[in-house]
Amino acid sequence: MKNLKYLFLSLALGLLSCESELEKTYDELGNIPSPVRTDLKYTLVDADYAAIDGTSKTDDYEKFKGIPSEEDAIAKLPAVILSRLVRVEGAIAVITYNLYKPNTLTSSTTYTVTTADYTSQGGNISRFGNFSNETEVGNFLKSKYPAATKGTGVKLTYKIFSGGVQTLTNTFVLNSNNVWEATYTLVAADYTALGESFTNFSDKTVAENRIAIYLKSTLMPYANAGDTKSVIFTYTYRDGSNARKYEDILVKYQYDGAKWAAIPALTTQTSNFKYKSGVWVSNNVIKYAFASADYTNAAVGLAGVADLADEVSNLTSFGNFNRTAADTAWNTDEMLQALNVVLKKNFPTTEVGQEYLVSVSVYNGSPSIETFAVVLTASGSYVYFVQ
592 MKNLKYLFLS LALGLLSCES ELEKTYDELG NIPSPVRTDL KYTLVDADYA
642 AIDGTSKTDD YEKFKGIPSE EDAIAKLPAV ILSRLVRVEG AIAVITYNLY
692 KPNTLTSSTT YTVTTADYTS QGGNISRFGN FSNETEVGNF LKSKYPAATK
742 GTGVKLTYKI FSGGVQTLTN TFVLNSNNVW EATYTLVAAD YTALGESFTN
792 FSDKTVAENR IAIYLKSTLM PYANAGDTKS VIFTYTYRDG SNARKYEDIL
842 VKYQYDGAKW AAIPALTTQT SNFKYKSGVW VSNNVIKYAF ASADYTNAAV
892 GLAGVADLAD EVSNLTSFGN FNRTAADTAW NTDEMLQALN VVLKKNFPTT
942 EVGQEYLVSV SVYNGSPSIE TFAVVLTASG SYVYFVQ
């Protein structure tokens, strides 16, 4: 019996020694490529949003249970959330979270641009005393209100040149991407056209649905798929004391090629990460939808290509890509040329290997959306890839 005890003790010591040697071996090997290709999946919970920014005094992540942009998620998630996952070289993590796009005004002010303001902007703005486009207006607001927070609105009266100098009054809102965005504010005539007796709505759902129809029929009848527009309307209700209250509501709409629809304030988003050389890095395909200006830029960029004269002429006339069998139709190779023009112009610093899913408005017997998957190669050009 005593001999058996010694035998078991020897075996135990041997196993401990083996375990120690294994740990030493793994330490020396470092990160080992994972033979398992199953993605790690995780969905953020309330506590995760609170942990994203522990230094913030007004933690929007915790307050809204969401992240304001995919770019912000890519920057913040690796350090806070992905540290909880198994870290194996080559592992893929699929993280699901709420994407928060606020649709209310947090504050608003009224301002009229002065002569001194135009002068302070320099260049042609100073020379002519007016803006030339909304981008210049946005840059002015950025310099005028450097401490503005997301959701801040400015009802701005300004001069702009569009075939002639006009004086306009529009409300600009600092959106979730910290960009001053031009909006459309409903006026008395709009409320009448929308079937309201007063200059407000008492039902938000009714307002959103009617405005969507109104955008297509009246405000923006010639929109292209992917276009967006933010609209401000007045909402009225009675509070707990039965007192009448009024609130300005901002709703952002997007056109899908057939109809306008309100973009929900809170949507579900998924981002992919890969564990590489000891850190989690973005493994995302960038999704991009052509804006109105992109169709113009594609036509201008390819105007000198003789074989595309008919296609470019059609694109210029209709603002979308003809994908029928007609002489003016764009084939797959020609579409790639157009995608190259736009992506190189819009994203000049893209790194080799970055993949894009590009959605464009097409006509194939009826208006629709077509999506193309491309990747930037070492040659500096985009080519198609299979997902």
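In this note's numbering, the protein residues as written are 592 to 978.
All C-beta atoms, glycine included, are put in the ideal place defined by N, C-alpha and C.
Just so we're clear, the structure is a prediction, and the values are computed from it rather than from any experiment.
- Taking the alpha-carbon positions, what's the residue 920 to residue 881 distance? Each residue's Cα considered, the two are about 18 Å apart.
- What residue does the beta strand (DSSP E) around residue 829 start on, and which one ends it? Element bounds for residue 829: 819-829.
- Message: For the beta strand (DSSP E) containing residue 751, name the first residue and the last one.
- Response: Counting along the chain, the beta strand (DSSP E) containing residue 751 begins and ends at 743-752.
- Task: Spatial neighbours of residue 956 within its chain, please: CB distance less than 8 Å, with the 5 preceding and 5 following residues excluded, ordered by chain position.
- Result: In its chain, beyond the 5 residues on either side, 915 have a beta carbon closer than 8 Å to the beta carbon of residue 956.
- Using the DSSP secondary-structure output, state which residues sit across from residue 666 in a beta bridge. Beta-bridge analysis with DSSP links residue 666 to no other residue.
- Query: Expressed to the nearest angstrom, what Euclidean distance is found between the alpha-carbon atoms of residue 814 and residue 952?
  - Reply: Distance between the alpha carbons of residue 814 and residue 952 is about 10 Å.
- Around the C-beta of residue 659, are 16 or more other C-beta atoms found within 10 angstroms, so that it is buried, or is it exposed? With 16 or more other CB atoms across the displayed protein chains lying within 10 angstroms of its CB, residue 659 is buried.
- Query: How is the beta strand (DSSP E) around residue 863 delimited, first residue to last?
  - Reply: 857-867 is the extent of the beta strand (DSSP E) around residue 863.
- Query: Hey, how far is the Cα of residue 722 from the Cα of residue 747?
  - Reply: Taking the straight line joining both Cα atoms gives about 13 Å.
- Express the C-alpha separation of residue 657 and residue 620 in angstroms, rounding to a whole number. Unreliable placement is indicated for residue 620, whose pLDDT of 40 sits below 50; the coordinate value is still reported in the next sentence. Here the alpha carbon of residue 620 sits roughly 39 Å from the alpha carbon of residue 657.
- Reduced DSSP category for residue 761 - H, G, I as helix; E, B as strand; rest coil: Looking at residue 761 - three-state DSSP - the assignment turns out to be strand.
- Message: Quick check on the DSSP output: the alpha helix (DSSP H) that includes residue 712 runs from which residue to which?
- Response: Here the alpha helix (DSSP H) through residue 712 covers 706-712.
- Task: Put residue 945 into one of helix, strand or coil per three-state DSSP.
- Result: DSSP, read as helix, strand or coil, puts residue 945 in coil.
- Message: Tell me the residue span of the beta strand (DSSP E) that contains residue 698.
- Response: Here the beta strand (DSSP E) through residue 698 covers 698-703.
- Message: One question on the structure: do residue 690 and residue 661 come within less than 8 Å of each other, judged by their Cβ atoms?
- Response: Judged by beta-carbon spacing, residue 661 lies within the 8 Å limit of residue 690, meaning their Cβ atoms are closer than that value.
- Using the beta-carbon count (16 or more within 10 Å), is residue 731 buried or exposed? With 16 or more neighbouring CB atoms inside 10 Å of its own CB, residue 731 falls in the buried class.
- Query: Bridge partners of residue 836, per DSSP?
  - Reply: For residue 836, which the question treats as bridged, DSSP gives the partners 828.
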